[in-house]
Amino acid sequence: MAFVDPRVQERHGAAVGSIGFFEAATQDAALAVLEPACTWLSANGVREVWAPFNGNPFYGVGLREDRFGEPPFVGCAHQPSTYCSYLEVAGFIRMTGYLNFEIDLAGDTWRSQPIDVPGVTFRSASRRRFRDEVARFMSLHNDAFRDVWGEAVVSAEEAIEVMTRARLAIDPSLFQFSVVDGSDLGMVLCMANVHEVIAPQRAPLTSPSGVWKMATRRRRAKTVGLLSVGMLPELQSRGIGTALVTRACAAAARLGFERMEYALVAETNEASKSTAARFGGKLCRRFGVYRKEL
Ligand SMILES: CC(C)(COP(=O)(O)OP(=O)(O)OC[C@H]1O[C@@H](n2cnc3c(N)ncnc32)[C@H](O)[C@@H]1OP(=O)(O)O)[C@@H](O)C(=O)NCCC(=O)NCCS
Numbered sequence: 018m019a020f021v022d023p024r025v026q027e028r029h030g031a032a033v034g035s036i037g038f039f040e041a042a043t044q045d046a047a048l049a050v051l052e053p054a055c056t057w058l059s060a061n062g063v064r065e066v067w068a069p070f071n072g073n074p075f076y077g078v079g080l081r082e083d084r085f086g087e088p089p090f091v092g093c094a095h096q097p098s099t100y101c102s103y104l105e106v107a108g109f110i111r112m113t114g115y116l117n118f119e120i121d122l123a124g125d126t127w128r129s130q131p132i133d134v135p136g137v138t139f140r141s142a143s144r145r146r147f148r149d150e151v152a153r154f155m156s157l158h159n160d161a162f163r164d165v166w167g168e169a170v171v172s173a174e175e176a177i178e179v180m181t182r183a184r185l186a187i188d189p190s191l192f193q194f195s196v197v198d199g200s201d202l203g204m205v206l207c208m209a210n211v212h213e214v215i216a217p218q219r220a221p222l223t224s225p226s227g228v229w230k231m232a233t234r235r236r237r238a239k240t241v242g243l244l245s246v247g248m249l250p251e252l253q254s255r256g257i258g259t260a261l262v263t264r265a266c267a268a269a270a271r272l273g274f275e276r277m278e279y280a281l282v283a284e285t286n287e288a289s290k291s292t293a294a295r296f297g298g299k300l301c302r303r304f305g306v307y308r309k310e311l
């Protein structure tokens, strides 16, 4: 699917187009969809194409570069190893990527990180007011990620549509807000890697039976994904992001998780890489984003 997302163009100030939701069974089939997609983008004024780039973090980003033999990881792209060569044959080159870092929850590194910050309180999200919490989360995410590469604004309505189905699968202690002077000014959102239990059963994650399985079997998963952590820009670099991650680690360890993947860190995001490093995060998964000049 080729598309021109005004949010991406506005953010990058360039005539960028995207190709996302890319699937192909053979190289010829890949070329047969990538070439007309590029032709269509070019005819619409696009000068540079990014792929796979679905224009919205909820729909995945990037091309998996390792761990091909494993089931998908929650919130992350999942493709066979052949896709990289398909894109290269179609004239794309790797431009950047996203990284996942593994944090050992059974170890001590995360325990030595601060969990409190003077003047800041923390609260867990409410399941009863889940829609409001998701809207608040999305607004904070949009503001916090304003300057992070590849991020596009997602509306509260889109977030509610996608996340409400996961209401029972997201333990409130893994979805926390930092509060300053009575206002939510930062957040962290983690979710069990439900694919560990769902992938073998092949039920779509958002089907009614998938939702039921997530709710009832998620505790069997040993890994939790940290899918988003962010502070409003004016409150960054004050230790609050670190405290949010420490709290997420503490909650996850209490729930019995053994490892955390601090997921989808843009390669250029120094603050986030430093935060993962504080927790002993080890690089464990990579996703590439490719570009082609038209
Ligand atoms: C990443 C983020 C959550 C960290 O929270 P924070 O409260 O700003 O960071 P902290 O004060 O707790 O510091 C954590 C580390 O980040 C570093 N850091 C913070 N802001 C930074 C910046 N603007 N540039 C480079 N490093 C920065 C700190 O120096 C520290 O690293 P150190 O231990 O090597 O000194 C926050 O900067 C943020 O919201 N960024 C935008 C959204 C984002 O990138 N989220 C993570 C995506 S996966």
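The opening position of the sequence shown corresponds to residue 18 in the working numbering, with each subsequent residue numbered one higher. We put the CB at the ideal spot given by N, CA and C, even for glycine.
Item	Value
To which residues does DSSP link Y279 through a beta bridge?	F118, L243
Within this structure, are the beta carbons of R276 and L48 separated by less than 8 Å?	no
Starting from the Cα of A41, find the closest Cα among A32, G34, L51 and give me that residue.	L51
Whole angstroms is fine: what's the gap from D160's alpha carbon to D149's?	17 Å
Looking at the structure shown, is C301 part of a helix, part of a strand, or coil, going by DSSP?	strand
What did DSSP end up calling C207 once you bin it into helix, strand or coil?	strand
Hey, is I187 close to ligand 1, as in C-beta under 7 Å from one of its heavy atoms?	no
Please look up how many angstroms separate the CB atoms of W57 and A31, rounded, as I've assumed it's under 8 Å.	Their Cβ separation, rounded to whole angstroms, is 18 Å, which puts W57 and A31 out of contact at 8 Å.
In chain order, what residues of the same chain lie with their CB nearer than 7 Å to the CB of M155, ignoring the 5 residues before and after it?	V171, A173, A176
Have a look at F162 and A46 and give me their C-alpha separation to the nearest angstrom.	36 Å
For the beta strand (DSSP E) that contains A68, what are its first and last residues?	65 to 68
Can you check whether the CB of V211 is closer than 8 Å to the CB of Q193?	no
Just to confirm before moving on: does the CB-CB distance between V228 and L272 stay below 8 Å?	no
In its own chain, which residues sit with a C-beta less than 6 Å from the C-beta of E168, not counting the 5 before and 5 after it?	F162
Give the DSSP-derived three-state secondary structure of L191 in the structure shown.	helix
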